[in-house]
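Chains as they are written, first to last, in the working numbering: chain A, 495 to 844; chain B, 495 to 844. Think of the CB as a built atom: it goes at the ideal place given N, C-alpha and C, for glycine as much as any other residue. Each remark here refers to the structure printed beneath this line.
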DNA sequence: CTGAAAGCGCTTACAG
DNA sequence: CTGAAAGCGCTTACAG
């Protein structure tokens with residue numbers, strides 16, 4: 495179909511061996527030959543066939559990432575993932591790696607088969623994983639198969655961990671402290687999925703934060719979301735329907751918080767005055783929400799780049815400088831918690 | 495490394511030919527043999543090596559998509575792309591295709607090299623393209639090379655077009671009509687990039703809509719954004735600084751509108767009362783904005799699935815039922831334009 | 001410094 | 001119904 499190495503060799507009356515070596519910068523090729531080959535190859539538009547190279551080299555120079563979509567498929571609209579994928583792509587490109595992407599609902603049969611097929615079929619050299627679950631079969635599977643991978647968040651298992659951890663726990667402590675300082679006491683939490691590592695950490699941070707402030711935790715104030723705006727909206731509605739509603743709502747992530755703000759707004763509750771609402775992520779839209787959203791910011795793009803970097807370096811059998819990176823979220827205080835606090839409409843239940 | 499077809503054949507004392515054919519459902523294999531092969535292959539965890547198959551079949555069963563990122567890389571946070579990629583992945587998976595993703599700034603050298611490398615290196619069988627430019631080299635290039643592709647939006651060129659078009663023009667007419675009906679007359683437009691097909695259509699729709707309503711268009715009311723919230727924010731600031739600011743702002747997309755709402759809010763201008771703001775896309779966060787955003791909704795996920803479907807069917811040399819699909823955006827009227835209109839603070843300039 | 005040859009793991013005419 | 005063989009386009013020990 496396209497120009498092959500054979501075409502280039504023929505044109506120059508050289509062997510394909512020499513052409514291949516010239517292009518790969520082996521040092522046992524005459525300089526004059528190399529130059530000739532390089533120029534001619536470029537001129538002829540020669541690009542090594544990917545499949546042939548993969549087959550011969552027994553590696554793919556490709557990393558895989560599987561999006562944690564809903565089973566519904568639609569409504570998968572968290573800008574977190576746009577940024578994350580952009581980061582993965584850019585880092586992969588910088589190393590002449592490719593990024594293979596697919597989508598599957600977390601913990602589904604589809605997910606399992608995808609990972610297995612990609613591993614067995616030799617589609618990728620390694621994986622980047624996020625939205626890690628507390629007990630995540632992916633991590634066990636990849637470790638057992640000795641497939642390079644870097645994950646955002648470690649699971650609870652004792653496995654060797656390569657990846658990045660964000661200190662959600664201390665971030666939440668700081669956030670709760672901020673809220674308490676502003677006078678908020680009846681603070682609710684909207685979760686993502688209970689088996690997510692980040693949810694686990696953030697909930698613990700929330701609870702410990704309350705305890706440190708001497709606030710008794712009220713189970714009615716912990717409600718389930720699903721990390722979407724829609725979920726945040728419904729969760730907030732439940733909270734507002736309580737006999738003693740919260741005066742602050744801490745959300746697992748920004749899009750959840752945006753949904754919660756919507757629910758507040760619909761009831762005429764003014765965010766930042768009547769109620770405080772907070773997020774986690776630092777997506778661009780959070781800065782532009784009405785009012786701008788107080789959040790724990792994490793550098794999504796950069797995290798993605800680092801994860802891709804770890805994975806591809808593992809795939810290249812290089813030793814990593816840092817196998818485990820810890821990052822601190824940065825508390826961005828904005829108007830959604832910034833105005834002078836309202837009076838607490840009631841006391842926390844016993 | 496992994497189980498190969500040879501391993502399976504050896505175990506069953508069959509030739510690799512027979513194993514291959516049994517697994518591929520050729521009809522000249524004894525039923526009993528086929529069953530045996532299928533069961534054994536599954537048991538042994540055999541998955542055909544992707545590179546070998548690609549090399550032999552001379553096709554990749556992979557479609558490519560290149561994200562139009564900023565050169566900066568960071569801040570690429572439009573949920574449009576999360577949904578779009580989810581759609582591409584899901585459709586590709588359904589046909590046992592893979593999705594290769596990379597990122598490059600529009601019209602950059604990097605973009606050019608990526609497309610060329612992917613084509614020459616036989617990395618993908620076809621492409622899905624969006625954010626089409628008026629005069630888009632990608633479309634010319636892929637047509638010339640006879641590479642299957644489907645694009646979201648056609649360019650201005652006369653090339654055969656396979657893909658989806660959205661009727662931005664009539665959508666905007668309808669939107670402007672809605673605004674005029676509500677009494678808004680001084681209507682501004684925040685653009686994306688002037689060379690984008692969608693921007694071209696939407697701007698024309700805006701202008702024609704004004705004309706139909708007998709409103710003279712004021713060049714000062716047309717300002718540049720960049721399809722991000724940040725861009726929308728700054729564009730709106732410019733508009734608010736005009737001696738006679740607009741009473742309505744029509745934005746190229748939803749995230750731009752969210753940024754514009756922020757700018758309004760910051761100046762104490764109440765959106766939906768003091769000013770109308772509209773978007774385009776129908777992303778989830780638009781429904782949850784404060785106030786919820788009036789927008790022209792398009793089914794992003796489904797569009798992506800259809801584009802992927804077109805591309806992979808072209809790659810499979812099947813004839814498409816519809817080479818060109820036109821869709822109508824759906825006007826979703828929400829509170830950002832819904833409240834009773836304010837008095838116009840001034841007359842349009844001559 | 002250069003080339004002939006093997007082989008990566010498949011698929012697919014072709015022969016029987 | 002089954003198998004032996006060629007060949008997809010590379011890379012890389014090995015020989016000279």
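How would you call residue 588/A, buried or exposed, if buried means at least 16 neighbouring beta carbons within 10 angstroms? exposed
Under DSSP, the alpha helix (DSSP H) around residue 812/B begins and ends at which residues? Looking at the DSSP string, residue 812/B is not in any alpha helix (DSSP H), and its letter there is neither H nor E.
Could you pull out every residue in the same chain whose Cβ sits closer than 7 Å to the Cβ of residue 496/B, ignoring the five residues on either side in sequence? none
In or out: residue 631/A buried (at least 16 other Cβ within 10 Å) or exposed? exposed
Cβ pair residue 641/B, residue 823/B closer than 7 Å: no
Taking 7 Å as the CB-CB cut-off, is residue 743/B touching chain A? no
Which residues bound the alpha helix (DSSP H) around residue 614/B? 603 to 614
Span separating the alpha-carbon of residue 699/B from that of residue 561/B: 27 Å
Candidates 501/B, 531/B and 504/B: which alpha carbon is nearest residue 515/B's? 531/B
Going along chain B in order, which residues have a C-beta closer than 9 Å to the C-beta of residue 579/A? 561, 570, 575, 576, 579, 595 and 597
Quick check: what's the CA-CA separation for residue 733/A versus residue 707/A? 22 Å
With DSSP as the reference, label residue 759/A as helix, strand or coil. helix
Kindly indicate which three-state DSSP category residue 830/B falls into: helix, strand or coil? coil
Which residues in the same chain have their Cβ closer than 6 Å to the Cβ of residue 718/A, if we skip the five residues on either side of it in sequence? 685
List the residues of chain A whose Cβ lies closer than 8 Å to the Cβ of residue 592/B, in chain order. 594, 596 and 617
Measuring only the C-alpha atoms, how far is residue 521/B from residue 616/B? 31 Å
Helix, strand or coil for residue 643/A? Go by DSSP, reduced to three states. strand
For residue 573/A, the three-state DSSP class (helix, strand or coil): helix
For residue 539/B and chain A, any beta-carbon pair shorter than 7 Å? yes
Going straight from the alpha carbon of residue 725/A to that of residue 746/A, what length do you get? 11 Å
For residue 770/A, which residues does DSSP report across the bridge? 742/A
Does the Cβ of residue 757/A lie closer than 6 Å to at least one heavy atom of the ligand ADP? The model depicted lacks the ligand ADP and carries no ligand whatsoever.
Out of 766/B, 695/B and 581/B, point me to the one whose CA is closest to residue 559/B's CA. 581/B
What's the C-alpha gap between residue 502/B and residue 538/B? 8 Å
Exposed or buried, what is residue 605/B when buried is set at 16 or more other beta-carbons lying within 10 Å of its beta-carbon? buried
Indicate the three-state DSSP secondary structure (helix, strand or coil) for residue 710/B in the structure shown. coil
Does residue 843/A get closer than 7 Å to chain B when you measure Cβ to Cβ? Reliability of the predicted coordinates at residue 843/A is poor, the pLDDT of 34 falling under 50, and the value obtained from them is presented with this limitation in mind. No, because no Cβ of chain B sits closer than 7 Å to the Cβ of residue 843/A.
Say whether the segment 645 to 660 of chain B touches the segment 673 to 683 of chain B, bearing in mind that this needs 3 or more beta-carbon pairs closer than 8 Å, one atom from each stretch. no
Look at the Cβ atom of residue 830/A, then the Cβ atom of residue 788/A, and state whether they are nearer than 7 Å. yes
According to DSSP, what are the bridge partners of residue 562/A? 598/A
Below 8 Å, how does it come out for the segment 756 to 767 of chain B and the segment 773 to 785 of chain A: are there three or more Cβ pairs, yes or no? yes
Bridge partners - residue 718/A, DSSP secondary structure assignment: 685/A
Can you give me the Cβ contacts of residue 709/A inside the same chain, cut-off strictly under 6 Å, excluding the 5 residues immediately before and after it? 679
With DSSP run on the structure shown, which of helix, strand or coil describes residue 529/A? helix
Which value, in whole angstroms, describes the spacing of the CA atoms of residue 778/A and residue 612/A? 33 Å
Would residue 549/B pass as a contact of residue 517/A if the rule is Cβ separation under 7 Å? no
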